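In the UniProt record's numbering, the protein residues as written are 1 to 993.
Notes follow the structure.
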Amino acid sequence: MLPRRSYYIPFENCDEALKCKDRNNQIRFNSLNGNWSFRYFNSLDEVELEYKDELFNNINVPSVWQMEGYDYNQYTNVKYPIPFNPPFVPKDNPCGLYIKEFNLENFCDKRDYHLNFEGVDSCFYIWINDYFVGYSQISHSISEFDITKYLSSGINVIKVLVLKWCDGTYFEDQDKFRMSGIFRDVYILERANQRINDYSIKTNVDLVKNIGYIYIDILDTKNKPDIKYYLFNDNNDMILSGNIIDDKIMLKIEDVQLWNPEDPKLYTLLMETKAEVIKEKIGVRVINIEDKVLKINSIPVKLKGVNHHDSHPKKGYVMSREDMLLDLKLMKESNINSIRTAHYPKSPIFYELCDEYGFLVMSEADIETHGVVELYGLGYLENYNMIADDPIYEKVIIDRIESSIIPFKNRPSIFMWSLGNESGYGYNFEKGLKCARKLDPTRLLHYEGAYYADKNRKNDFTELDVISRMYPSIDEIQEYFDKGIDKPLILCEYAHAMGNGPGGLKEYDDLIQANEEFAGAYVWEWCDHSIYNGSNKDGKSIYAYGGDFGEYPNDGNFCVDGLVYPDRRKHIGLLEYQNINRPIRVIEIDTVNNKVKLKNMLDFRDVNDIVQITYKLFSDGDMICKKEIKLDTLKPKEEKWYDLSIQDLPKTIVTILFEYTVKLDILLYKKGFVLGYDQIIWPNNIEKLKSFKQLINIDEKEKFKINYIDNIENNIQITNGDFKYIYDKRIGMFTLIEKGNKKFINHPLNFTIWRPPTDNDRKIKNDWIEAGFDKLDVRVNEVTIEEDINSLAIISRLSLTPIYRQKVLDILVEWRIFSNGLINCRIKAYKKLDKPFLPRFGVEIKLDKSYEDLSYFGLGPYENYQDKHYSSYLGRFDSKVSEMHEDYIRPQENGSRSCCKELCIKNDNSKIYVLSENKDFSFNASHFSKEELTDKTHNYELEESNATFLIIDYKQSGIGSNSCGPVLEEKYQLNESEIDFSFYLKFSENNNN
Numbered sequence: 001m002l003p004r005r006s007y008y009i010p011f012e013n014c015d016e017a018l019k020c021k022d023r024n025n026q027i028r029f030n031s032l033n034g035n036w037s038f039r040y041f042n043s044l045d046e047v048e049l050e051y052k053d054e055l056f057n058n059i060n061v062p063s064v065w066q067m068e069g070y071d072y073n074q075y076t077n078v079k080y081p082i083p084f085n086p087p088f089v090p091k092d093n094p095c096g097l098y099i100k101e102f103n104l105e106n107f108c109d110k111r112d113y114h115l116n117f118e119g120v121d122s123c124f125y126i127w128i129n130d131y132f133v134g135y136s137q138i139s140h141s142i143s144e145f146d147i148t149k150y151l152s153s154g155i156n157v158i159k160v161l162v163l164k165w166c167d168g169t170y171f172e173d174q175d176k177f178r179m180s181g182i183f184r185d186v187y188i189l190e191r192a193n194q195r196i197n198d199y200s201i202k203t204n205v206d207l208v209k210n211i212g213y214i215y216i217d218i219l220d221t222k223n224k225p226d227i228k229y230y231l232f233n234d235n236n237d238m239i240l241s242g243n244i245i246d247d248k249i250m251l252k253i254e255d256v257q258l259w260n261p262e263d264p265k266l267y268t269l270l271m272e273t274k275a276e277v278i279k280e281k282i283g284v285r286v287i288n289i290e291d292k293v294l295k296i297n298s299i300p301v302k303l304k305g306v307n308h309h310d311s312h313p314k315k316g317y318v319m320s321r322e323d324m325l326l327d328l329k330l331m332k333e334s335n336i337n338s339i340r341t342a343h344y345p346k347s348p349i350f351y352e353l354c355d356e357y358g359f360l361v362m363s364e365a366d367i368e369t370h371g372v373v374e375l376y377g378l379g380y381l382e383n384y385n386m387i388a389d390d391p392i393y394e395k396v397i398i399d400r401i402e403s404s405i406i407p408f409k410n411r412p413s414i415f416m417w418s419l420g421n422e423s424g425y426g427y428n429f430e431k432g433l434k435c436a437r438k439l440d441p442t443r444l445l446h447y448e449g450a451y452y453a454d455k456n457r458k459n460d461f462t463e464l465d466v467i468s469r470m471y472p473s474i475d476e477i478q479e480y481f482d483k484g485i486d487k488p489l490i491l492c493e494y495a496h497a498m499g500n501g502p503g504g505l506k507e508y509d510d511l512i513q514a515n516e517e518f519a520g521a522y523v524w525e526w527c528d529h530s531i532y533n534g535s536n537k538d539g540k541s542i543y544a545y546g547g548d549f550g551e552y553p554n555d556g557n558f559c560v561d562g563l564v565y566p567d568r569r570k571h572i573g574l575l576e577y578q579n580i581n582r583p584i585r586v587i588e589i590d591t592v593n594n595k596v597k598l599k600n601m602l603d604f605r606d607v608n609d610i611v612q613i614t615y616k617l618f619s620d621g622d623m624i625c626k627k628e629i630k631l632d633t634l635k636p637k638e639e640k641w642y643d644l645s646i647q648d649l650p651k652t653i654v655t656i657l658f659e660y661t662v663k664l665d666i667l668l669y670k671k672g673f674v675l676g677y678d679q680i681i682w683p684n685n686i687e688k689l690k691s692f693k694q695l696i697n698i699d700e701k702e703k704f705k706i707n708y709i710d711n712i713e714n715n716i717q718i719t720n721g722d723f724k725y726i727y728d729k730r731i732g733m734f735t736l737i738e739k740g741n742k743k744f745i746n747h748p749l750n751f752t753i754w755r756p757p758t759d760n761d762r763k764i765k766n767d768w769i770e771a772g773f774d775k776l777d778v779r780v781n782e783v784t785i786e787e788d789i790n791s792l793a794i795i796s797r798l799s800l801t802p803i804y805r806q807k808v809l810d811i812l813v814e815w816r817i818f819s820n821g822l823i824n825c826r827i828k829a830y831k832k833l834d835k836p837f838l839p840r841f842g843v844e845i846k847l848d849k850s851y852e853d854l855s856y857f858g859l860g861p862y863e864n865y866q867d868k869h870y871s872s873y874l875g876r877f878d879s880k881v882s883e884m885h886e887d888y889i890r891p892q893e894n895g896s897r898s899c900c901k902e903l904c905i906k907n908d909n910s911k912i913y914v915l916s917e918n919k920d921f922s923f924n925a926s927h928f929s930k931e932e933l934t935d936k937t938h939n940y941e942l943e944e945s946n947a948t949f950l951i952i953d954y955k956q957s958g959i960g961s962n963s964c965g966p967v968l969e970e971k972y973q974l975n976e977s978e979i980d981f982s983f984y985l986k987f988s989e990n991n992n993n
């Protein structure tokens, strides 16, 4: 194998270098992608290298063979998929033999031919024309071989034998589906005999004089070529040219245009030898830490980051340029500015796109040995460092660090190298850090595994530039700053975005903004890892996760933990993160002078360059005007007051929605895209909707007239005009409410504290089940009837107690029926258990499925909860019950709307209103029962009930991030000793209010 070098694809001449945008069109680039002959073997012992047509099938390269019908898919997080017996792997080691003919009709014996593989899992052997060429491993590294002497003009044959497991498997225990094969591009480069092999490009800036410096070092050549250089600016104007003498030169640029993630200016460098040209895109920038603050070009930076695996639902590890570009576009739209390449280097194309479109990349080495913590009887985390601190593995660690840095050392988007993931700490990583520093002293070094260093060992952390943590709680982070830190803090993983989540993002962002030393954080993770497995009978996509392939071991749906679905539809969690990181913020209002103070949250750019602001004024949720704020200029982190053209505000609930919209097509943004919003609820001390009094319409002077009341043993039956109510004294709830022949409610209402556990409830749900929250028995102890001048009240004292467990709640509930048919429900509930906290507390109403249309005044338009509502705003929204369902791959609680004051759900004939006088309520409306969402493990298995389930909640507990992160914050836990809840129910025909 050839020595590692900077990644580049040589050009024939300068003209081609300036015009060609796609390496597939370069003269010197010969792609071997496409159809190969392929034979799968269950074991290395079965391998036959001879080609026999009848035994081979076609396979596409790049691909992984599990997605092509061979072997099986397996998802495991921490556990090794093979017995732990390094360096040995199982005897039954599946293999794939790839064979391809390729034509070198223009073969030139004065040229060199280099074969490149950009990614093969896990290791491979190569033959050209039956001559053995070499071997390589490290799945996510570029492997380059000189195959010149094995080639001939015309047809040549390449054979590649790929093994599923090798000793490298012990160092590639990342949280992902385990797949095999040639999963990145394969190509042959035609190289001039006199050429540059490797080089280094570094930059620096005199920020006072605005002068940029580019340092070019030619590190390796063949046959000592003469080298010319040409430098072009961002407009493709040549600004410098000359010769590189003695293999190095410094280029000085006056009035330099600096690279940063918000304005990624790139210079183009051509290095020309006699028969070859190398092109580099150069971003002039400097990375530094000053006073424990991370800076780019001496400007403090906040990392709004995400962890990104290579994952595609139909192709596995294979990511095309279009796939990468789609992910980056979605990230840009979501105000994400930084990417951690979890947990291995990316394709070279990925880094080039990050250079071009502006992302700060933490590029990670292909190292993870997490499985050591699962070894039997050895102490779990105490065992973390067994490979990290064993000198026998030093060369392996160093090799992997070198393979991650050397090819990409010239990429401006990379601001930090990460030495790997979840592999403990010790001697090998201390050596690795020194190696990384020597290879590249210009970038920062990161390694979170240092947190697990043996406290009884004298550890050396001097080469680490940042403190890195995963999933600390808010209190833990605050403790860091209270005690004082000596390096910037980064959360390389936080806010586990699994299923309905993450919650609590606002609290983390508050700490990031409040502390200069807090550089930022990376959500785990970008996309749900799931395998597309066809469709069900209804045409719904089947996405499979761990265990769906009968594999052992597996970690279930723990891989379904992204901000986007496998097909890249956005989760609500991504919309939440997007608005948390909005580019402008309202930070203060002046209600006397009708002014608003705005802050530019960008680090480098005047926000007026790319964003325009409109604001909409609403009265009780109805828009009454729309206007624009002219920014003129708002520099990075600058705050300014702006006038609002509003006066004579109505005596209603007044809200103002500020929308931040892209004003032109730029980078990956499209004009008109909304990057975020803020909302002001005008403090005019009005809490009731104007419509509330009209809808309840209680005449306090009208005497309540009872047509009929029958208080028999189990039921109370009341008729009031043409209304009829049946109340079951055994459950303290109505079982029938009808008017004329219209049955609004024909099933018993019930109290509920259960919610179908979210993925972030995966730990607390065991406590909920143990406490019996999912199987409550109602005991009514007393029922009384009270008559008032204009109403009748049924009052019940009851308790909720699970079988064989103690009481959970005592409840006093009053159902007051008014003359106009209105019902007011007043509940006082007393929690008897200190722990655990309740999932929710509410009243469930089972309606006919025809109740499909709904409108509400509350937080919308997306699902929202106590700690997950920043993608929503207060307003009036119309929807359908079927559209309220958020279709998570593993079914769970979803679709709640909180902070509601008014809800109307209707069918063609009738309406049911839920109204709040002062306190807000939350609600769910779904065609899926709680039991269905609890019991089913895949969304394609869900069966709609012939009903609409409406749950009116006092409150739900928050969502949090406890699938992997800290426990839910206490303030978001529904653990009140006393609950006071009230709402109105109104029933009417559809042609009435």
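Just so it is clear, CB atoms sit at the ideal spot from N, CA and C, and this is done for glycine as well.
Fair warning: this is a prediction, and the values are worked out from it, not measured in the lab.
Hey, residue i and residue j are a contact pair by Cβ (cut 8 angstroms); roughly how many whole angstroms apart?
i	j	result
Y856	F877	6 angstroms
Y51	I99	6 angstroms
L657	N684	Not really, about 16 angstroms apart at Cβ, beyond 8 angstroms.
Y351	S413	6 angstroms
I542	N73	Not quite, the Cβ-Cβ distance comes to about 13 angstroms (not below 8 angstroms), so this is no contact.
E576	Y131	That pair is no contact at about 57 angstroms.
P264	G358	4 angstroms
Looking at the structure shown, is residue i part of a helix, part of a strand, or coil, going by DSSP?
i	result
G520	strand
V47	coil
E932	helix
Q478	helix
S691	helix
R321	helix
F350	helix
V208	coil
Y131	strand
A450	helix
residue 998	The requested residue 998 does not occur in the structure, where the chain is confined to residues 1 to 993.
K849	coil
Y384	coil
R4	coil
Could you pull the start and end residues of the alpha helix (DSSP H) that residue i belongs to?
i	result
M884	881-884
V396	394-405
N766	764-770
Could you spell out where the beta strand (DSSP E) holding residue i opens and where it closes?
i	result
D860	The question names Asp, but residue 860 is Gly in the sequence shown. Where G860 is concerned, the enclosing beta strand (DSSP E) stretches over 853-860.
K110	Run containing K110: none; DSSP gives neither H nor E here.
W641	639-643
T661	654-662
N192	With the sequence shown as reference, residue 192 is identified as Ala, and Asn is not the correct amino acid for it. Neither: A192 is in no beta strand (DSSP E) and is coded neither H nor E.
Can you tell which of the options has the C-alpha that lies nearest to the C-alpha of residue i?
i	options	result
N42	P3, Q612, L161	L161
R585	T661, H529, K570	T661
M1	D22, N781, F117	F117
L634	K626, E628, R605, Y615	R605
Segments of 3+ residues assigned as beta strand (DSSP E) that fall wholly inside the stretch 564-636: 584-590, 595-600, 611-619, 622-629
Segments of 4+ residues assigned as alpha helix (DSSP H) that fall wholly inside the stretch 11-66: 14-19
To test your reading of the DSSP string, which unbroken beta strand (DSSP E) runs of 3 or more residues are found completely within the stretch 225-275? 228-232, 238-243, 248-254, 267-273
At which residue ranges does the stretch 487-514 contain complete beta strand (DSSP E) runs of 3 or more residues, listed in the order of the chain? 489-494
Can you check the stretch 289-348 for any alpha helix (DSSP H) of at least 4 residues that lies completely inside it and give the ranges in chain order? 321-333
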